[in-house]
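Scroll down for the structure; my scribbles are underneath it.
Protein chains: 2
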Amino acid sequence: MAVYTDITEGELDAFLERYNVGRLLSYKGIAEGSENSNFLLHTASGSYILTLYEKRVDQADLPFFLGLMDHLAGKGINCPLPVHRSDGTVIGTIAGRPAALITFLEGMWPRRPTAAHCREVGKALAGLHLAGADFPLTRRNALSFDGWRKLWGAARPRADEVEPGLSAEVDADFAELAEKWPADLPLGVIHADLFPDNVFFLGDELSGIIDFYFACNDLFAYDLATCLNAWCFEKDHAFNLTKGTALLAGYQSVRPLSAREVEALPILARGSALRFMLTRLYDWLTIPDGALVQKRDPLEYVRRLRFHRSIKSPSEFGIEPR
Amino acid sequence: MAVYTDITEGELDAFLERYNVGRLLSYKGIAEGSENSNFLLHTASGSYILTLYEKRVDQADLPFFLGLMDHLAGKGINCPLPVHRSDGTVIGTIAGRPAALITFLEGMWPRRPTAAHCREVGKALAGLHLAGADFPLTRRNALSFDGWRKLWGAARPRADEVEPGLSAEVDADFAELAEKWPADLPLGVIHADLFPDNVFFLGDELSGIIDFYFACNDLFAYDLATCLNAWCFEKDHAFNLTKGTALLAGYQSVRPLSAREVEALPILARGSALRFMLTRLYDWLTIPDGALVQKRDPLEYVRRLRFHRSIKSPSEFGIEPR
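Sequence lines, in order, name chains A and B. Heads up, the final residue of the first sequence is numbered 322 in the working numbering, and it's a clean run with no missing numbers. Heads up, the final residue of the second sequence is numbered 1322 in the working numbering, and it's a clean run with no missing numbers.
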C-alpha cells in the first residue's frame, strides 16, 4: 500500500509518447497494490493505471502477466486491458523500472464481502479458468510446494517468536500435505491471489478483476480454495458457511467441479492457507518496521490452517461430496 | 503521503447521499497530502477529492479553509471548489472524521520547477492575495512567532542531536527576528504553504492551487518569502537567482510590492525558513520511525536559514530595493 517510486512529468511525457492516449491531464500515486508502484492517470482519452514493476516482480514474467490480461479481456473477462504502444509492445521503461499502462476499471472492492459478492466471485473465477484454456504461455507457480519449503526454511528458526509452537505445527502440515497433495486434478491458468481488494463491484455486479501478478498454471480447485480462505472467513476467524456455499455454487454454475476436486478441497484450502501464512510470516520476520511494504499478520492464516486441519468433509465448506 | 483512514463503500454511499454528484463509480486512496486522508473519486458527474480531516487539523478551522476555497473559486482563482450538500453545508462526517468533497483539478505539480513555473506561481500568489481581500472570515497564523517559540521549546533540548550547534544558531535567530520582524506591512489572507506539490500545471499554464489547510491572515510578503524558500533553491541548497527573479517579477506584475515590503524580504525569508525548519525538526524528533506521516529533513531548512543570515540586500533574491 504505497508508492515506492515517484516520477516526474517529464519522465511520464517521454513514456507516453509511445502510446496513443492523448494529452496527459493528471497523475496521482495510489495507495493500492502491495508489490508495485501504481499511478492513476487522467488523459484526454480517459483513465488509466500506470504500474511500475518494483524488484519483487521478475521482469521475465511480465509477458505472461500482460499477455494473460490481453487474452482474458479479449474473451470478455472484466479485467484491465494493457494499452499497446505504437510498436505493438506493452512493456516500457520509466524511472529505470519496467512499466505498463493498463485501462482503468471503475468499481469498488468490497471491504465487507457479502454472500452475494462471494457468489459473483465464484462465477467470475470459473469464467477466468475457462477463458484461460487457450492462452499459449505458461508460468510455473513459484509459490507452490518448493516455494513454500524455501520460505519455511528461512522463517522456521524464528517462527516460534511469532506464536509459540508454530514451528512444530507447521512441520506437521508440511508432512501431511506432502503425503496428501492431489496430483492429477484439472489445471490451467489460475489467478492465485483473488482477494477482495482485487475484485471490483458496481452495486451487485462484478465490474473487474485486477492484479494478475501471481497468475500461473496450477490446479483450478486450488485457486478456488484460495478464494474460500480470502472471502469466507469473518474478522473473528470463523468460517462463514453461507458465504462458502455461495462461492462454491457460483463457481459450479459456470464450471462444475469433479468429485475428486470436491474431495480435495479441504487439503487444497489447507495448502493455500499455508502459502499465505508463509509469505506473511516471511515478510513479518524480514521486512524492517517502517518500510513502505505493508506487513499483514501471519496469525490470521495460522487460524485458518487450524480450521482446515479440523475439517472432516468438504460439506463443512458448503459443498456435498459426491 | 499516506492514507490514514480507509473507508467502506457503505460509509461512502451514506456520505454521498447528501450530495448531488451522481452514482459513485470508484474511489482510490491517493498518496498525496501529509496531514489528511485523501481519496480520488469518480462519479457519474466527474472526478472529486474526498478529504478526511485527521487529528492534526482543528475542526474549528474548517469553515475558514473551505469558505476560503469557495470564495477564491468564485473570484476565478484556480482552486478546488467545495461541493455543497443538499442542506447547503460543505462539511460532513465519515468514519468518525469530519470530511469534505471538493472538485478535482487536473494538472501535475512540478517535481523540478523551472523559472517559468516560478513566474506563474508568483502571479498566482499575488492574484490570491488580491482575491482574498473581501473574504469575511479571519484565522490567526498558528505558525507565527508564538507558534515557533512553542515548537522550539519542545525541540531545543534535542536540537544538537540533529546538527551540533543548532540550538545556539537558532537561539540567535530568535533574538534577531524578535528585534527586526516587520510589524506594519500589508496583510490579508495568505496560503502559507505554497510548495510545488500544492500547485498544478498543464503545460506552462498554472491549472490549480490546492491545500489551503495552513491558510491564515498574515503579511503578504511573508507568503512570498515562503515561496522563495519553497521554489527557488536547488537540490544542492544553492539559491537560484533566475528563479527568484522570475517569482518576484511574476508577483509584482499583479501586485507591486511596496519599498518596505521589498526591504523586509530577507528577514521574512529567514523567519519563513525558521518556521519550516521548526515543524520539520519537531516532527523529526517526535514522530516514531515507521509512522505513516512523512518526515522531511529539517537540515534542508537549516541550510536556507544560513543562506538568509548572509543576505545583505533583497537584490540577492532578484529584486532591487527602492
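Beta carbons are placed, not taken as given, at the ideal position from N, Cα and C, and that holds for glycine.
{"query": "Which bits of chain B does Y27(A) rub up against, with CB to CB less than 7 Å?", "result": "M1108"}
{"query": "When you compare each of S1310(B), T1279(B) and K1295(B) to W1152(B) by their alpha carbons, which one comes out closest?", "result": "T1279(B)"}
{"query": "State the DSSP-derived secondary structure class of S1086(B), mapped to helix, strand or coil.", "result": "coil"}
{"query": "For my contact list, Y1048(B) and V1083(B) are in at a C-beta cut-off of 8 Å; report their separation, rounded to the angstrom.", "result": "7 Å"}
{"query": "Give me, in chain order, the residues of the same chain whose beta-carbon lies closer than 7 Å to that of V57(A); leave out the 5 immediate sequence neighbours on both sides.", "result": "E35, N36 and Y213"}
{"query": "Going straight from the alpha carbon of H129(A) to that of I1007(B), what length do you get?", "result": "32 Å"}
{"query": "Roughly how many angstroms lie between the CA atoms of I1077(B) and G1127(B), to the nearest whole one?", "result": "7 Å"}
{"query": "According to DSSP, which residues form a beta bridge with K28(A)?", "result": "L40(A)"}
{"query": "Determine, using beta carbons only, whether T1138(B) comes closer than 8 Å to chain A.", "result": "no"}
{"query": "Enumerate, from N- to C-terminal direction, the unbroken alpha helix (DSSP H) stretches of 4 or more residues contained entirely within the region 1186-1234 of chain B.", "result": "1220-1231"}
{"query": "Apply the 10 Å Cβ neighbour rule to P157(A) and answer buried if 16 or more other Cβ atoms are within range, or exposed otherwise.", "result": "exposed"}
{"query": "Measuring alpha carbon to alpha carbon, tell me which of K75(A), N38(A) and T138(A) ends up nearest D61(A).", "result": "T138(A)"}
{"query": "Would L1305(B) count as contacting chain A if we go by Cβ distances under 8 Å?", "result": "no"}
{"query": "Going by Cα to Cα distance, which pick from F276(A), F135(A) and C79(A) is closest to S144(A)?", "result": "F276(A)"}
{"query": "I need the straight-line Cα distance from E9(A) to F1201(B), nearest angstrom please.", "result": "10 Å"}
{"query": "List the DSSP bridge partners of T93(A).", "result": "P98(A)"}
{"query": "With a threshold of 16 other CB atoms inside 10 Å of the CB of I287(A), please say whether the residue is buried or exposed.", "result": "exposed"}
{"query": "Between H1042(B) and chain A, is any beta-carbon pair separated by less than 8 Å?", "result": "yes"}
{"query": "Relative to the C-alpha of G132(A), which residue among D173(A), E32(A), C216(A) and A31(A) is closest?", "result": "C216(A)"}
{"query": "For I1319(B), I'd like the list of residues in its chain whose CB is within less than 6 Å of its CB, leaving aside the five on either flank, ordered along the chain.", "result": "L1248 and V1262"}
{"query": "To which residues of the same chain is G188(A) closer than 7 Å at the C-beta, ignoring the five residues directly before and after it?", "result": "H129, G132, A133, N217 and F220"}
{"query": "Could you please tell me which residues of the region 1048-1063 of chain B, in chain order, have their CB closer than 9 Å to any CB of chain A?", "result": "none"}
{"query": "Sort out for me which residues DSSP pairs G1046(B) with in a bridge.", "result": "T1043(B)"}
{"query": "If you count every other CB in all the chains shown that lies within 10 Å of the CB of K235(A), and 16 or more means buried, which is it?", "result": "exposed"}
{"query": "Determine the closest residue to S272(A) out of R85(A), H191(A) and E163(A), with distance taken between C-alpha atoms.", "result": "H191(A)"}
{"query": "Is L1062(B) helix, strand or coil by DSSP?", "result": "helix"}
{"query": "In the structure shown, what three-state DSSP assignment does L1052(B) receive?", "result": "strand"}
{"query": "Within 8 Å of any Cβ in chain B, is that where the Cβ of A115(A) sits?", "result": "no"}
{"query": "Go to H1334(B), then tell me how far its alpha helix (DSSP H) extends in each direction, as first and last residue.", "result": "With chain B covering only 1001 through 1322, there is no way to say anything about residue 1334(B)."}
{"query": "What are the boundary residues of the alpha helix (DSSP H) that includes S167(A)?", "result": "L166 to K180"}
{"query": "Give the DSSP-derived three-state secondary structure of T1138(B) in the structure shown.", "result": "coil"}
{"query": "Roughly how far, in whole angstroms, is the beta-carbon of L40(A) from the beta-carbon of F104(A), given that I think they are within contact range, below 8 Å?", "result": "7 Å"}
{"query": "Ordered along the chain, which non-local residues of its own chain (more than five positions away) have a Cβ less than 6 Å from that of H42(A)?", "result": "L25 and S26"}
{"query": "Ignoring anything shorter than 4 residues, give me the alpha helix (DSSP H) runs that lie fully in the region 102-133 of chain A, in order along the chain.", "result": "115-131"}
{"query": "Give a yes or no on whether 8 Å exceeds the smallest Cβ distance from E1009(B) to chain A.", "result": "yes"}
{"query": "Give the residues of chain B in contact with R111(A), contact being defined as C-beta atoms less than 9 Å apart.", "result": "D1006, I1007, T1008, E1009, G1010 and E1011"}
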